[in-house]
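Visitor:
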Amino acid sequence: MRDEAQILDRALSLHNKGDITGAARLYQRIIKINPNNLDAVHFLGVAEAASGNLPRAKLLMKRSLEAKPLNVNFIENYAAVLHRAGEHDELVNLCQQGLQFSPNSLELLHASAAGYLALGRFAEAIERLTRLVAHHPRHFPAHFMLGSALAKTRQYEPALAAYGRALQLRPQLAEAHLDIGTIHFTNGRHGEALLCYDRALALRPDLAEASLGRCYALIQLGRCDDALVAADHALKIRSDLAEAWVGRGNALLDLDRLEEAEAAYDRALAGRPQLASAWCGRGNVRLRSGLQHDAEAAFDRAIATDADFAEAWLGRGRSALSLGRHDDAMTALDRAIALDPNLAGAWLAKGQVAYLEKHYDEALAAWNKTLALNPDQSSASAACLRVKMHLCDWTGFDEACTSLRTSVRSNRIVSPFMFVAVPSAPAEQLDCARSWIAHSFRHPSTVWRGERYHHDRIRLAYLSADFHQHATAQLMAGVFEHHNRSRFEVTAISIGPDDGSDMRRRIEAGFDRFIDARPRGDAEIAELARSLEIDILVDLKGFTQDARTGILAMRPAPIQVNYLGFPGTIGADFIDYIIADRHVIPEHDAAAYAEKIAWLPESYQANDRNRAIADVPADRAAHGLPEDAFVFCCFNDNYKITPDVFSSWMRILTAVDNSVLWLFEDNPNAAENLRREAAARGVAPQRLVFAGRLPTAEHLARHRCADLFLDTLPYGAHTTASDALWTGLPVLTCLGETFAGRVGASLLNAIRLPELVTTSPATYEQLAVELARDPEKLAALRAKLALNRLRTPLYDTAQYASDLEAAYFVMMERHLAGLPPDHIRVPGTAECR
607 MRDEAQILDR
617 ALSLHNKGDI
627 TGAARLYQRI
637 IKINPNNLDA
647 VHFLGVAEAA
657 SGNLPRAKLL
667 MKRSLEAKPL
677 NVNFIENYAA
687 VLHRAGEHDE
697 LVNLCQQGLQ
707 FSPNSLELLH
717 ASAAGYLALG
727 RFAEAIERLT
737 RLVAHHPRHF
747 PAHFMLGSAL
757 AKTRQYEPAL
767 AAYGRALQLR
777 PQLAEAHLDI
787 GTIHFTNGRH
797 GEALLCYDRA
807 LALRPDLAEA
817 SLGRCYALIQ
827 LGRCDDALVA
837 ADHALKIRSD
847 LAEAWVGRGN
857 ALLDLDRLEE
867 AEAAYDRALA
877 GRPQLASAWC
887 GRGNVRLRSG
897 LQHDAEAAFD
907 RAIATDADFA
917 EAWLGRGRSA
927 LSLGRHDDAM
937 TALDRAIALD
947 PNLAGAWLAK
957 GQVAYLEKHY
967 DEALAAWNKT
977 LALNPDQSSA
987 SAACLRVKMH
997 LCDWTGFDEA
1007 CTSLRTSVRS
1017 NRIVSPFMFV
1027 AVPSAPAEQL
1037 DCARSWIAHS
1047 FRHPSTVWRG
1057 ERYHHDRIRL
1067 AYLSADFHQH
1077 ATAQLMAGVF
1087 EHHNRSRFEV
1097 TAISIGPDDG
1107 SDMRRRIEAG
1117 FDRFIDARPR
1127 GDAEIAELAR
1137 SLEIDILVDL
1147 KGFTQDARTG
1157 ILAMRPAPIQ
1167 VNYLGFPGTI
1177 GADFIDYIIA
1187 DRHVIPEHDA
1197 AAYAEKIAWL
1207 PESYQANDRN
1217 RAIADVPADR
1227 AAHGLPEDAF
1237 VFCCFNDNYK
1247 ITPDVFSSWM
1257 RILTAVDNSV
1267 LWLFEDNPNA
1277 AENLRREAAA
1287 RGVAPQRLVF
1297 AGRLPTAEHL
1307 ARHRCADLFL
1317 DTLPYGAHTT
1327 ASDALWTGLP
1337 VLTCLGETFA
1347 GRVGASLLNA
1357 IRLPELVTTS
1367 PATYEQLAVE
1377 LARDPEKLAA
1387 LRAKLALNRL
1397 RTPLYDTAQY
1407 ASDLEAAYFV
1417 MMERHLAGLP
1427 PDHIRVPGTA
1437 ECR
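Residue numbers (the working numbering): 607 to 1439.
#1: Taking DSSP as the reference, what is the three-state secondary structure of residue 769?
#2: Which term fits residue 1439, buried or exposed, when burial requires 16 or more other beta carbons within 10 angstroms of its beta carbon?
#3: Could you tell me whether the Cβ atoms of residue 988 and residue 1025 are closer together than 8 Å?
#4: Do you know how far the Cα of residue 1202 is from the Cα of residue 1437?
#5: Is it a yes or a no for the segment 1035 to 1054 touching the segment 1143 to 1161, going by three-plus beta-carbon pairs under 8 Å?
#6: With burial defined as no fewer than 16 other Cβ atoms inside 10 Å of the residue's Cβ, what is the status of residue 707: buried or exposed?
#7: Is it right to say residue 1279 is buried, meaning 16 or more other beta carbons lie within 10 angstroms of its own, or is it exposed?
#8: Assign residue 998 to one of three DSSP states: helix, strand, or coil.
#9: Could you check how far apart the C-beta atoms of residue 952 and residue 942 are, in whole angstroms? I think they sit under 8 Å.
#10: At a cut of 8 Å, does the segment 1321 to 1338 reach the segment 1232 to 1249 through at least three beta carbon pairs?
#11: Please return the same chain residues whose Cβ sits closer than 7 Å to the Cβ of residue 1011, not counting the five positions on each side in sequence.
#12: Relative to the alpha-carbon of residue 1410, which residue among 1212, 1337, 643, 899 has its alpha-carbon at the smallest distance?
#13: Output yes or no for whether 8 Å exceeds the beta carbon distance between residue 822 and residue 794.
#14: Here's a check: name, in chain order, each residue in its chain whose Cβ is nearer than 6 Å to the Cβ of residue 1298, leaving out the five neighbours to either side.
#15: How should residue 1318 be labelled, buried or exposed, when 16 other C-beta atoms within 10 angstroms of its C-beta is the threshold for buried?
#16: Mind checking who residue 1364 pairs with in its DSSP beta bridge?
#17: Would you report the Cα separation of residue 1013 and residue 1355, rounded to the nearest angstrom?
#18: At what residue ranges does the segment 967 to 1028 contain a whole run of the alpha helix (DSSP H), taking only runs of 4 or more?
#19: Only counting the same chain, and skipping five residues up and downstream in sequence, which positions put a Cβ closer than 6 Å to that of residue 816?
#20: Could you work out which residue in 1160, 1123, 683, 1096 is closest to residue 1104 when comparing CA atoms only?
#21: Does the distance from the C-beta atom of residue 1129 to that of residue 896 stay below 8 Å?
#22: Excluding the 5 residues preceding and the 5 following residue 1227 in the sequence, name in chain order all residues of the same chain whose CB lies nearer than 7 Å to its CB.
#23: Hey, out of 1382, 1388, 830, 1343, whose CA is closest to residue 1362's CA?
#24: Which full runs of the beta strand (DSSP E) of 3+ residues lie inside the segment 1245 to 1302, going along the chain?
#25: Going by beta-carbon coordinates alone, are residue 1383 and residue 1377 separated by less than 8 Å?
#26: DSSP state of residue 1349, grouped into three classes?
#27: Name the one or two DSSP bridge partners that residue 1067 has.
#28: Should residue 1072 and residue 1146 be called a contact, given that it needs their Cβ atoms to be closer than 8 Å?
#29: What residue ranges within the segment 615 to 646 form continuous alpha helix (DSSP H) runs of no fewer than 4 residues, ordered along the chain?
#30: Label residue 1137 either buried or exposed according to how many other C-beta atoms from any shown protein chain fall within 10 Å of its C-beta, with 16 as the threshold for buried.
#31: In whole angstroms, what separates the C-alpha of residue 1032 from that of residue 1310?
#32: Can you list, in chain order, the residues of its chain whose CB lies under 6 Å from that of residue 1206, leaving out five sequence neighbours each side?
#33: Excluding five sequence neighbours on each side, which residues of the same chain lie with their C-beta closer than 7 Å to the C-beta of residue 643?
#34: Please state if the CB of residue 1113 and the CB of residue 1442 are separated by a distance shorter than 8 Å.
#35: Rounded to the nearest angstrom, how far is the Cβ of residue 1293 from that of residue 1259, given a contact under 8 Å?
#36: Between 713, 777, 778, which lies nearest to residue 748 when the distance is taken from Cα to Cα?
Next comes the structure, spelled out in structure tokens:
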């Protein structure tokens, strides 16, 4: 026994001096003498571990735990070996056993915390580390690990405190600065994150992860060129760092260098085929390229690799949204938000889906959350204003409009669809559209290569999402049917739903070729138009709901036209012409349009001469209207009602006894808000009557219950005005500054009722009151409208189609002659049939 003890002492001495081989020989010698010498067994296990023979070390050290009494030091040593071996379940069980005998053991608390961290059991790791720092406050690794565990459970402020204590003990710990930077980045504090990454690199210039962090922070700060330099620096340190290739791809994507971005993502995937962020990046490239289905497949690969990757769910939501699959989009976006509640892009897209589905409260909540996460987003501010306009919630309206105009003048990104409805000037709308296009379509691939086709008939295609029961279809159906088939081959490219309606069947029958392209991506549709050798591609959407501007950005046709759907400029060099008239675009405003203007001789707005009006009696009581009152009405969408317009209406009601205002109710909140606004202006809320949706023919019929239609500004009545005039209801308008506010004047001039066009709010109010108080004057106007209805140009669909075709002919003549687009003036006829 004494010999064993002496040999063990010599073995331990050699072990402590680093002579592991010599110590191991002596341990083995002792075990030959006495196989039950568990000290020798244990330290032989320690020697085997030091030599890298972990399986042998584990067997020996586990056997040594049979010692009586239990040796805590043996447990601590064995715990270190289990940690090295990655046996984390066994490790935490062993530590739990040892802590019963030594509750404050630094080694066991540390090892068990490391085990819990490795197993993702962060709450238990935090409990162990909290105990550890309480008993060993100067143990800096515990503070560092505690910071990591707290960060993983999104307890960011306590995590920062823990990292701060680690840095007090070891200020030169670059990894702590790196992790602090990641916390700031996660919480949207990108400037602070950048400073932390810089500190980490100052301490450790070879810390590739810090340079990678700089790349991601710089992208968020809009400094994409600097971000690219940072990614390249990370790759210089570690060329195999797949995440750095992803960072490089992200910077290139934001610089719109799509081919280089995809190559970077491919390099990342070559090294790590299951890297979700690289698949997500590839999806974003494909989405930007108009390849929505390819994008969706890439996002699905990312999700299959990492189902908890929020950015991949966001991408999937965006791709579904771009294809019009709103339910799928919302499901994906909700999943992204559940995984990362601070993902501003997911809230932004969620708001877009909710808005398109007319869930305005939900849209407003989502966009307000976007702004809370990233206040510097003019587009989200504009969206919030537009939703509040739908709700007729005018709190802060003037300030919001002023702020929006300031943003546009500063070249900030604001959706033209949102901006066109607020008080603005044509030049501002052009600036808004140009900024939007420059941001969204920086370097699109071009499909048409400059060929000049020579067909027997002009190949004309209309692109729209509205070939169903929709206002655009109601206006255009007759035009499609009246196109001269001996001179035009007419194709519909539908990117919207088939609602199964009679209108859908009529529209389908009105074309030589009807293509349901809704499921296809932008690039596929552009290639389709190119393969059909379309001469003139007419976009009926502009920036309105479900527009697919990316198709036109790829220039699939030699002549591309902005028509009817959006009352303003697209601001893009890939759109050649806009269809207009001298009222909606006066010649002095031509410079405020990126397109060349094709002025039709009468109203630019098409109308269908064969629209059916239901044969039902004009029963006011059935619509909640008093029988003996003067009924002013406006069936414009609620967002077109501004505080100034509503104040004018209330002054009119105040001046006209026994009058009511009949409005369209888009949503119950708007109706309630308008009633409250009426009361605030001294008008009894019950004098506002609201109309819900009806089938088109019945909606037209109910106009007969009204006496005078009141238009809005700055966005006036378009289809709603022609609806009213078609039913014989006079429309009173006030001439606005922009296309959107001048359509009423265009329609009234085309039907030869210019006396209903006023030029100021005061004269608008004055004429409304005068007509309400003078039944004979109003009756004369109604008689004139009835006489002019089928004798003037507004509803002469055949002549309108001929005038429109005349504009198309001039466009083609210039193109075939090799001349650039130029303004077109289509001559008119003396009078219509």
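For glycine and all other residues, C-beta sits at the position ideal for the given N, C-alpha and C.
Guide: Quick answer:
#1: Here residue 769 sits in helix by DSSP.
#2: Unreliable positioning characterises residue 1439 in this predicted model, as indicated by a pLDDT of 37, which lies under 50. The coordinate reading is nonetheless provided below. Burial call: exposed.
#3: A contact, by the Cβ cut-off of 8 Å.
#4: Confidence at residue 1437 is low in this model, with a pLDDT of 43, below 50, so its placement is unreliable and the value that follows should be read with caution. Cα to Cα, residue 1437 sits roughly 27 Å from residue 1202.
#5: The answer is yes - the segment 1143 to 1161 touches the segment 1035 to 1054, with three or more Cβ pairs under 8 Å.
#6: Exposed, since its Cβ has fewer than 16 Cβ neighbours within 10 Å.
#7: Taking all protein chains in view, the Cβ of residue 1279 is crowded by 16 or more other Cβ atoms within 10 Å, so the residue is classified as buried.
#8: Residue 998 falls in the coil class under three-state DSSP.
#9: Right, the Cβ-Cβ distance comes to about 4 Å (below 8 Å), so this counts as a contact.
#10: These segments touch.
#11: So the qualifying residues of the chain are 1030, 1034.
#12: Each of 1212, 1337, 643, 899 was checked against the Cα of residue 1410, and the nearest Cα belongs to 1212.
#13: No, Cβ-Cβ distance for residue 822 and residue 794 is not below 8 Å.
#14: Around residue 1298: 1271.
#15: Buried: at least 16 other Cβ atoms inside 10 Å.
#16: Within the DSSP secondary-structure output, residue 1364 pairs in a beta bridge with 1340.
#17: Going by the C-alpha atoms only, they are around 35 Å apart.
#18: Listed in chain order, the complete alpha helix (DSSP H) runs (minimum 4 residues) inside the segment 967 to 1028 are 984 to 996, 1003 to 1015, 1022 to 1025.
#19: Its chain contains 784, 803, 806, 807 as the residues whose beta carbon lies nearer than 6 Å to that of residue 816, once the 5 sequence neighbours on both sides are disregarded; these appear in chain order.
#20: Residue 1123 holds the alpha-carbon nearest to the alpha-carbon of residue 1104 among 1160, 1123, 683, 1096.
#21: For residue 1129 and residue 896, yes; Cβs fall inside 8 Å.
#22: Apart from sequence neighbours up to five positions away, the residues of its chain that approach residue 1227 with a beta-carbon distance below 7 Å are 1233, ordered along the chain.
#23: If we check each option's Cα against that of residue 1362, 1388 comes out closest.
#24: Runs found: 1265 to 1270, 1294 to 1297.
#25: Yes, these two residues count as a Cβ contact at 8 Å.
#26: Helix, per DSSP.
#27: Its beta-bridge partners are 1097, 1143.
#28: At a Cβ-Cβ threshold of 8 Å, residue 1072 and residue 1146 count as neighbours.
#29: Runs found: 626 to 639.
#30: Within a 10 Å sphere around the beta-carbon of residue 1137 sit fewer than 16 other beta-carbons, which makes this residue exposed.
#31: Between residue 1032 and residue 1310, the alpha-carbon positions lie close to 35 Å from each other.
#32: 1187, 1409, 1432, listed in sequence order.
#33: The beta carbon of residue 643 sits closer than 7 Å to those of 610, 636, 637, all from its chain and outside the five residues before and after it, given in chain order.
#34: Any property of residue 1442 remains undetermined from this structure, which presents the chain solely from 607 to 1439.
#35: Their Cβ separation, rounded to whole angstroms, is 6 Å, which keeps residue 1293 and residue 1259 in contact under 8 Å.
#36: Checked all of 713, 777, 778; the closest Cα to residue 748 is 713.
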